[in-house]
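*Asks:* Position in the sequence shown (first residue = 1) + 991 = this note's numbering. For glycine and all other residues, C-beta sits at the position ideal for the given N, C-alpha and C. Can you read through this structure? Questions will come right after.
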Amino acid sequence: MKTLQFLQQKLVWSIPVFMILGIVYGANFDAQVLKPLILPLTFVMVYPMMVNLNFKQLLAKGGMKVQIVTQVINFLIIPFLGLLLGKLFFADSPFIILGLLLTALLPTSGMTISWTGFAKGNMPAAVKMTIVGLILGSVLTPLYLQLFLGANINIPLGKVFQQIIIVVFLPMVFGYATQQFLIKKYGMAKYQKDLKAKFPPISTLGVLSIVFVAIALKAEVIISNPAVLLKYIVPLVIMYAVNFALSSIIGKYFFKRGDAIALVYGSVMRNLSIALAIAMTVFKENGSEIALIISLAYIIQVQAGAWYTKFTDKIFGAAPPDVARDIMRKGIFTISLSDTVQNAIDLLEHEHIHSLVVLDESNKPIGILNTRNLFDHVINSSNDITQEISSIELKPILIFSETTPIEAIAKKMKEQNTYKILVVDEKEVPSGVITEMMYLSNLINK
């Protein structure tokens, strides 16, 4: 898993490495034997990506203006830009135009959410954009392809929709079911702390594997004409540059900072994983040719997304101070007053944590139970671990809203000599925790 996490963090280098490995393999071995792997690898790529999507965000109210403008850019401007660039650069290569169009037609990805977070943008808006963009893109892509390229390429509409159901909507259903199963079985705190992080690296493995297969199948063409790579990169750079410029201008003059950043990453970042999946499963004979330009788009997109975060403060103004929502860990590990000391020890040891939020009979938080409390109590009671938690003197619990500034929370934690606080949402329902270490880690990651 550590290797996969490393590959994910260094994606801008991982993609070229796997492209080179694909060329080497395709030049020395029969790459056709890899074709049966395309569909299972596609599932490995897409399914983990769906597990962590917060579909409940679709029901969140507000922010309709930024959502509409983002999707107008995504489906009424960028597809036509992709078509224009395709016809300018690849007039005699309809399948390369198709690859550029797939890149232009499928907006948003996990990168939309990640980079919006890094740039201190509106995360709930970015999550909603990602889900809406994924659904709209999946439905509209076959129609756009038929409209733009139907006269030059036989677009099997029925097959395209069928494959989209297989590579997008089935993984979406399975992903949501997996998410709900894990939360129900292990709780939100365990899911957020340990389980959620396991899925993105698996998706990265799928991406890199598909890139490897696609390039291996096209290895002979690349070796015979390596300049083709440069030819593909130029229109991609132009498309991303225009997209960044357009969305930045619209964001700066028509939206507040948080919404503007979400709009930029919600329109510039493309769902290249889904584009690759459609290319390789629908257009099988020409899939590797289409996938080549999409693979190159990964390199540009990852690097451009990282670079843009360095300019967000200059373009949109300084980020507001961090609030509890920005650094808290969602979900809380809890125990009730009627549970025993042994129950508490088991949970603390199993989860490798140091404290628990104690709930009363009404499931309201009433205090913090930490390892020091337990240790002192067990020693004072001659190692009796059968007593109920109600017999232990708890540490008082500090409760803050999700919108409380971090500095105010840190000051209060220092005054009260406590290392963990509870965060509640607007309905005063516990939503997460903040510890001293989270505060310190946030300083390093700024």
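Determine the extent of the beta strand (DSSP E) in which PHE1391 is found, giving its start and end residues.
*Replies:* First-last of the beta strand (DSSP E) with PHE1391: 1390–1392.
*Asks:* Give the DSSP bridge partners of GLU1379, in chain order.
*Replies:* Its beta-bridge partners are THR1331.
*Asks:* Considering only the alpha carbon of each residue, which of ILE1323, LEU1347 and ILE1088 lies closest to THR1331?
*Replies:* Per the Cα distances, LEU1347.
*Asks:* Ignore the nearest five residues each way along the sequence and tell me which others in ILE1214's own chain have a CB closer than 7 angstroms to its CB.
*Replies:* Taken in chain order, the residues that qualify are ILE1014 and ALA1018.
*Asks:* What is the DSSP secondary structure of GLY1358, reduced to helix, strand or coil?
*Replies:* Correct three-state label for GLY1358: strand.
*Asks:* With THR1426 as the anchor, note down where its alpha helix (DSSP H) starts and where it stops.
*Replies:* Element bounds for THR1426: not the alpha helix (DSSP H) but the beta strand (DSSP E), 1421–1426.
*Asks:* Could you check which residue in ILE1425, LEU1283, ASN1113 and MET1163 has the C-alpha nearest to that of PHE1307?
*Replies:* The shortest C-alpha separation from PHE1307 is found at ASN1113.
*Asks:* Going by alpha carbons, who is nearest to LEU1092 out of ALA1266, PHE1172, ALA1051 and ILE1229?
*Replies:* Of the listed residues, the one whose Cα sits closest to LEU1092 is ALA1266.
*Asks:* Could you check how far apart the C-beta atoms of LEU1032 and SER1200 are, in whole angstroms? I think they sit under 8 angstroms.
*Replies:* Indeed they touch by this definition, with Cβ atoms about 5 angstroms apart.
*Asks:* Report the start-end ranges of each alpha helix (DSSP H) in the stretch 1158–1189 that is 4 residues or longer and not cut off at the edges.
*Replies:* Within the stretch 1158–1189, the complete alpha helix (DSSP H) runs of at least 4 residues are 1161–1177.
*Asks:* How is the beta strand (DSSP E) around ILE1224 delimited, first residue to last?
*Replies:* Segment 1218–1245 is the alpha helix (DSSP H) holding ILE1224; no beta strand (DSSP E) there.
*Asks:* Check whether the Cβ atoms of VAL1255 and SER1238 sit closer than 8 angstroms, and answer yes or no.
*Replies:* For VAL1255 and SER1238, yes; Cβs fall inside 8 angstroms.
*Asks:* Can you find at least 3 beta carbon pairs, one from the stretch 1342–1360 and one from the stretch 1313–1327, that sit closer than 8 angstroms?
*Replies:* Contact between the stretch 1342–1360 and the stretch 1313–1327 is present, because at least three Cβ pairs lie under 8 angstroms.
*Asks:* Which residue's Cα is closest to the Cα of VAL1060: PHE1245, ALA1051, GLY1128 and LYS1418?
*Replies:* Of the listed residues, the one whose Cα sits closest to VAL1060 is PHE1245.
*Asks:* Measuring CA to CA, which of LEU1227, ALA1251 and LEU1263 is closest to GLY1197?
*Replies:* Considering only alpha carbons, the answer is LEU1263.
*Asks:* In three-state terms, what does DSSP make of THR1099?
*Replies:* Three-state result, THR1099: coil.
*Asks:* Please list, in chain order, all residues of the same chain as PHE1086 whose beta carbon is under 8 angstroms from its beta carbon, the five residues on each side excluded.
*Replies:* Here the set comprises ILE1144, PHE1274, ASN1277, GLU1280 and ILE1281.
*Asks:* Does the beta-carbon distance from THR1107 to ILE1318 come in below 8 angstroms?
*Replies:* Taking 8 angstroms as the Cβ cut-off, THR1107 and ILE1318 do not qualify as a contacting pair.
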